[in-house]
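If you're matching them up, the sequences are chains U and E in order. End of the first sequence sits at 493 in my numbering; the numbers just go up one at a time, nothing left out. End of the second sequence sits at 809 in my numbering; the numbers just go up one at a time, nothing left out.
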Amino acid sequence: MGATINTEDERTLIRFEGVGKTFGRVRALADIDFAFTRGECVGIAGHNGAGKSTLMAVLAGVYAPTQGRIEVDGQSAPHYDANAARKAGVRCVFQELSLCANLTVAENMTIVHPKLRGRGWRRTATALMRDKLEEIFPGNGLKGNELVSDLTLTQQQMVEIARGFTVTDAPVRLVILDEPTSSLDAHTADQLLAFVRRAAESGITCLLITHMLGEIERVANRVMVMRDGGIVGVLPGNEANRASIIQAMGQHLEAEKTPAAARIRNAQSDDKPFRWNVGGRKHTLIEASRGEIVGFAGLAGQGQTEALLAIYEAATSHGAGRMKAAFVAGDRGRDGVFPVWSIAQNLDLRWLLGGAKRKRGLVDRAAARALVEAWRTKIGIRGAPMGAGILSLSGGNQQKVLFARALSSDAQLILMDDPTRGVDVGTKRDIYRLVHDEAAKGRTFIWYTTENEELSHCDRTYVFRSSAVTRVLHADECTEEALLAASFEEQAA
Amino acid sequence: MTPARITFRDTQARLRALLPAISLVAVLVPILVMQPAVMSYFGSSLLLNLAVPIVLATLAQLAIITVNDLDLSIGPFVSLVACIGATLLVKEPWLGALALVACVLAYAAVGALIELRQIPSIVVTLGLSFVWSGLAIVLLPSPGGASPGWLGTAMSYQTPFIAAPIVWSVLIAIAGHILLMRTSAGVRIRGAGGNPRAMRRFGWSLVRSKATLYGIAGVFGVLSGLSLLGLTTSADANLALRYTLLSIAAVILGGGEFVGGRVSVIGAVLGAITLTLAASFLAFLNISADWQVGMQGAILIVVLSLRVLLQRGERQ
């Protein structure tokens, strides 16, 4: 924009200097240097887990950074928390909505505005909310006294967005919009983008995080591209388009890639491949043959997990296509471990269901012990004796137990739901090796992952978008660029 | 969405909100048909005499259900308060008042502890129910004691035109409704039940919300115990044990839900009255008292089934 350094400084609202954030041993953000200036619209792009949401949570004061410093209006802000952020004029429209479903639209205003109290607060809140809703989404038809739980998801998102822009005591100077259009329809999304432009022109800094690169292209003055918890590029608005953003996102190609040619499959293609119809109206066809590793890719939450579950259901229900299947959960805490059971009990569970021979109608304990011991050495579970509680293991070792649980059974089809989430590199390598070995023995793997490097281990990759497969990539075509392009494919609707 | 659909949804929602009132009428009308004398000042006073402590205990339970917890100790707590009232409050009024204040503070502390340590409220309150019962037995090993004079006077106060229990219930319902449903502080406290993560994210203390609500529950528990003592004029360590389940039933009957912070003060008061009346209903039918508890359960099941049906209608 041709601004000199001096005026740029004056225009700076919030500056991040070397900001980093770690959760336990996981590094979510590293060395972020960025200055948000007044009245600009910054588009933020990046793959899942690139650190976008964490960065925004730090900016909104939800998480305190573990390193670095934050400056507000040129002044250092050492205790930057939710209240400090509110005073600085920062508002956040969260992706998973932060509305209270048991309160009305107007009542939800009290949560962000401590000043709404005393006589007539309800009238003030209703008026503020209705004005803002009308300003952003003309003709929305909301009255303000509806219970949030009675609204549709689109209406809830509209309320959440409008609430972010309402003003009581502290002025609104910076609004973070985290995937604001994910539940909006085309018409309301249009209204929102137009409003974001107007707001930026009137001096409110808007940060737009979205996977819809077309939206960034439309409204952003600058585009911040993130990857692996860092900023890998800042593109000026006039140069930002789908192609350049995708290029910036993929510029760090994984060096360690298993050459597709090096992996020799046993010629088992004479077998009939398995077929499943999944997705919306069962329109999506997934094929896999024996000994194949099939990948599911795409942005998170585009129907991959649902497809895995549908395959599991089809494989375990009675009738044609029934086969022995096992599932490796990605969300360990929720779907994977039995927290009060021992490591051994967690490991041999699937084996008890299929594979174990009963001894006089009871569990053969000696065989179970032998099985657990064999897998402990094979997969390298370290850190605690097998009789100890599962939670005494580190996350990576817990994940190994879950792998062993699936592989020690008689299952021929292994479904994996992003199994290396939050797992360190060493463990990942062990897991990859195991998957290759087991596939060579004739087991079929269907592997959903959010880490694109892992897809280089797959023979074929289905890329998902909005619960449908947009592309099928064979091992040799499965490059970072092709994956990103397919992931961000937008329907011509 | 067509306009017709919206109206349909609206009607369903309104019907659901009116369900507590409808169930009250459904119990009240047969009673009036059988015993028209119930309409009179004296009749209604007699019939609803015991409703006031139940209404108060129900609001105590409602405060806790608002933050998605459950209080299994409210019955023993009300009994303990009645025992304190019948012993300490008569002999040494200051000590008695102090003990009651300590009870309320203990409740608030329990609320803070439950949030801080993330312990299930059911476990804590189940344990506390034995503590309250034990204290009550220590204070009053055998039924007896006496109600302080002022308490008896207050509970037998004759209001003009409309019987006192009805007036009390209405006043309690209105006060509770304004505090919890209408003020901005009440709204924020309910928000803690609706979406605790969002509340924390915007800088509100959940510990404070929970401690406040448990403290309010303690206050209502104390009021319930005192009003019960004023009516019965003597206490017993097992006086109000059935209030625990009765209060939960009344809150749920009044449109409250176990999770999500959805509660209704007016509905809960109506629910408490409905359950009180349901007991008398069978008495009028000359059916033994043994069946009354079962009857209350049956009413609860019928009303909850209706509510589920209405919700399903809304969703479609």
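Even for Gly, the Cβ is constructed at its ideal location relative to N, Cα and C.
Expressed to the nearest angstrom, what Euclidean distance is found between the alpha-carbon atoms of residue i and residue j?
i      : j      : result
E:L719 : U:D131 : 49 Å
E:T559 : E:G686 : 6 Å
E:A553 : E:L778 : 32 Å
U:R382 : U:A344 : 13 Å
U:G89  : U:G141 : 28 Å
U:S202 : E:R683 : 36 Å
E:L512 : E:R800 : 8 Å
E:F695 : U:V172 : 15 Å
U:R275 : U:E287 : 5 Å
E:L699 : E:A733 : 31 Å
U:K324 : U:T444 : 11 Å
U:L494 : U:V105 : The requested residue 494 of chain U does not occur in the structure, where chain U is confined to residues 1 to 493.
U:R242 : U:F488 : 9 Å
E:L706 : E:V712 : 10 Å
U:D479 : U:Q412 : Checking the sequence shown, residue 479 of chain U turns out to be Thr, not Asp. Looking at the two C-alpha atoms, the distance is approximately 29 Å.
E:P586 : U:T152 : 56 Å
E:L508 : E:S516 : 12 Å
U:A404 : U:A384 : 16 Å
Is any beta-carbon of chain U found at less than 7 Å from that of residue i?
i      : result
E:R694 : yes
E:R509 : no
E:S698 : no
E:G718 : no
E:G749 : no
E:G687 : yes
E:V744 : no
E:A765 : no
E:R681 : yes
E:G754 : yes
E:A668 : no
E:A691 : yes
E:S757 : no
E:S702 : no
E:G684 : yes
E:R800 : no
E:S635 : no
E:S677 : yes
Among the residues of its own chain, which have a CB less than 7 Å from the CB of residue i, if the five just before and after it don't count?
i      : result
U:A482 : L473
U:A162 : M129, K132, L133 and I136
U:D424 : G396
U:T181 : A189, L192, T210, M212 and E215
E:I759 : A666 and H670
If we cut at 7 Å on Cβ distances, does residue i have a partner in chain E?
i      : result
U:A492 : Summary for U:A492: the model assigns pLDDT 39, below 50, so the residue's position carries little reliability; its value from the coordinates is reported in the next sentence. By this cut-off, U:A492 is not an interface position.
U:L391 : no
U:N140 : no
U:C100 : yes
U:L103 : yes
On a Cα-Cα basis, can you pick out the residue from the options that is closest to residue i?
i      : options                           : result
E:K703 : E:M532, E:N561, E:S538 and E:V531 : E:N561
U:D476 : U:D31, U:Q247 and U:R460          : U:R460
E:L644 : E:S727, E:G708, E:R683 and E:L699 : E:S727
U:K87  : U:L402, U:K357, U:T305 and U:A60  : U:A60
U:D410 : U:T449, U:R369 and U:L352         : U:L352
E:A579 : E:S626, E:Y650, E:L633 and E:L549 : E:L633
U:A220 : U:P236, U:M158, U:L285 and U:K428 : U:P236
E:T737 : E:L565, E:T769, E:A730 and E:T725 : E:L565
E:L628 : E:A639, E:L573 and E:S614         : E:L573
U:F165 : U:L393, U:L177, U:Q156 and U:F338 : U:L177
E:R681 : U:V435, U:H113 and U:V167         : U:H113
Leaving aside the five residues before and after residue i along the sequence, list all residues of the same chain whose C-beta is less than 6 Å from its C-beta, in chain order.
i      : result
U:F327 : Y312 and L415
E:L582 : G589 and P641
U:L97  : Q156 and E160
In its own chain, which residues sit with a C-beta less than 8 Å from the C-beta of residue i, not counting the 5 before and 5 after it?
i      : result
U:Y63  : K21, T54 and A57
U:E179 : Q95, I209, T210 and H211
U:L362 : none
U:A28  : K21, T22, G51, T54 and G229
E:V617 : V603, L606 and I607
E:V531 : I524, L525, S537 and L540
U:L231 : At residue 231 of chain U the sequence reads Ile, which differs from the Leu that was named. Here the set comprises I32, D33, F34, M224 and V225.
Using a Cβ-Cβ cut-off of less than 7 Å, give me the residues of the region 105 to 130 of chain U that come near chain E, in sequence order. Answer set for the region 105 to 130 of chain U: E107, T110, I111, V112, L116, R117 and W121.
Along the region 52 to 86 of chain U, where does the CB come closer than 8 Å to a CB of chain E? Name the residues. Against chain E - using a Cβ distance shorter than 8 Å - the residues of the region 52 to 86 of chain U are A60, G61, V62, D81, A82, N83 and R86.
For the region 133 to 166 of chain U, which residues have a CB atom closer than 9 Å to at least one CB atom of chain E, in sequence order? Within the region 133 to 166 of chain U, the qualifying residues are L147, V148, S149, D150 and T152.
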